[in-house]
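Below is one structure; the comments refer to it alone.
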Amino acid sequence: MSISRMRLRGALGQAGTIAVTLLGLLLLTFVIGRMMPADPVRAIVGEEASPEIYQQVFQQLGLDRPLWEQFLRYLGDVLTGDFGTSIRTGKPVIEDILHVMPATIELATFAILIGAGLGIPLGVLTGLSPLFSRATTPLFQFARMISPLSWMPIAVMVLGVGDAPVYFLLAFAAVWPILLNTAAGVSQLDPNWLLLGRSLSATRAETLLKLILPGITAHILTGVRLAIGIIWIVLVPAEMLGVSEGLGYFILDARDRLAYSDLMAAILVIGFLGYLLDHAARSLHRRWLHA
Numbered sequence: 008m009s010i011s012r013m014r015l016r017g018a019l020g021q022a023g024t025i026a027v028t029l030l031g032l033l034l035l036t037f038v039i040g041r042m043m044p045a046d047p048v049r050a051i052v053g054e055e056a057s058p059e060i061y062q063q064v065f066q067q068l069g070l071d072r073p074l075w076e077q078f079l080r081y082l083g084d085v086l087t088g089d090f091g092t093s094i095r096t097g098k099p100v101i102e103d104i105l106h107v108m109p110a111t112i113e114l115a116t117f118a119i120l121i122g123a124g125l126g127i128p129l130g131v132l133t134g135l136s137p138l139f140s141r142a143t144t145p146l147f148q149f150a151r152m153i154s155p156l157s158w159m160p161i162a163v164m165v166l167g168v169g170d171a172p173v174y175f176l177l178a179f180a181a182v183w184p185i186l187l188n189t190a191a192g193v194s195q196l197d198p199n200w201l202l203l204g205r206s207l208s209a210t211r212a213e214t215l216l217k218l219i220l221p222g223i224t225a226h227i228l229t230g231v232r233l234a235i236g237i238i239w240i241v242l243v244p245a246e247m248l249g250v251s252e253g254l255g256y257f258i259l260d261a262r263d264r265l266a267y268s269d270l271m272a273a274i275l276v277i278g279f280l281g282y283l284l285d286h287a288a289r290s291l292h293r294r295w296l297h298a
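The numbering used here applies: residue 8 is where the sequence shown begins, and numbers increase by one.
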């Protein structure tokens, strides 16, 4: 079998796996949305609406159709990219999601920058100084085992409601994988590199910038990739701390309004964005290793 045919076969196999996985996720979200106990139609028309108005909205939403037909309609809405029409705003759901998405991306980006800004220097210091490592490792290990979400009440009490506690929670979640991977990278450096730097009268700044950091970049990128995964898990519940935009706020608002189609669409978008971010971090790490 030729190499081109093997590549084509592998690509088709991967595409098939992705298609089956996507179909399974769509079926799962559809079933979960239909199992919700509350009545979205009643949430739209209100408790005082007449049975005629209730039935009219019920039909407009397509809830009178067979389940298989509802699923095909849901599948078509997802594949077209608009996720259907929002019962909250009357606009395509994707427009509402894209309106709040930049706030989530901004929070995640700043959290990674803060985590790297703290984790890399502390990790380098931990790897280079045995005394600092012995003094701080028990504290670091203790702190990283505390779930970032458990700090939510304290963060709100100290920092107030808004973006500040969210930044704290996300940075707290991001710093540990970056710190520990950076320290591991420093500890695995070839001691001969540092000895060579000293023999060439390299300054501390030159040793750090030209020997240590290039030698541990792969470990730092691994820590960043792990941090992105943790941040993306913590981000949505953290955004429920009184912020007025973001995907977490969107989900909370959709739940309160019983807009389950909007909620399921947001869940799919969060998963897709998380996959893209992880793929980007993995590709960057792979490219650095083969540079």
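Even glycine gets a Cβ: it sits at the ideal position worked out from N, Cα and C.
First and last residue of the uninterrupted alpha helix (DSSP H) at Arg262: Leu254 to Asp263
Expressed to the nearest angstrom, what Euclidean distance is found between the alpha-carbon atoms of Leu291 and Asp103? 31 Å
Quick one: residues in its chain with C-beta nearer than 7 Å to the C-beta of Leu191, no 5 flanking neighbours on either side, listed in chain order? Residue identity check: residue 191 is Ala in the sequence provided, not Leu. Residues His226 of the same chain have their beta carbon placed closer than 7 Å to that of Ala191, with the five preceding and five following residues left out of the count.
If you draw a straight line from the alpha carbon of Met271 to that of Val243, how long is it in whole angstroms? 14 Å
Report yes if the CB atom of Ile127 is closer than 8 Å to the CB atom of Ile219, and no otherwise. no
Endpoints, alpha helix (DSSP H) assigned at Ile161: For Ile161, the uninterrupted alpha helix (DSSP H) segment begins and ends at Met159 to Leu166.
With distances taken Cα to Cα, identify the nearest neighbour of Gly253 among Ala110, Gly281, Pro145 and Val27. Ala110
Distance, Cα to Cα, Leu176 vs Val100? 29 Å
Pick from Phe117, Trp183 and Met164: whose alpha carbon is nearest that of Ser154? Trp183
Among Phe179, Ser157, Thr229 and Met247, whose alpha-carbon lies nearest the alpha-carbon of Asp170? Met247
Arg232 and Asp285 closer than 8 Å at C-beta: Yes; because the gap between Cβ atoms is below 8 Å, this pair is in contact.
Exposed or buried, which one is Ala287 when buried takes at least 16 other CB atoms within 10 Å? Under this definition Ala287 is an exposed residue.
Burial state of Leu79 (16 or more Cβ within 10 Å): It counts as exposed.
So is Leu220 in contact with chain D if we call contact Cβ pairs under 8 Å? Among the chains of the structure shown, chain D does not appear; only one protein chain is present.
Chain-order list of residues whose beta-carbon lies under 6 Å from that of Pro172 (same chain, five-residue window excluded): Ala162, Val163, Leu166 and Leu248
What does the Cβ neighbour count give for Met152, buried or exposed, with the cut at 16 atoms within 10 Å? The residue is exposed, with fewer than 16 neighbouring Cβ atoms inside 10 Å.
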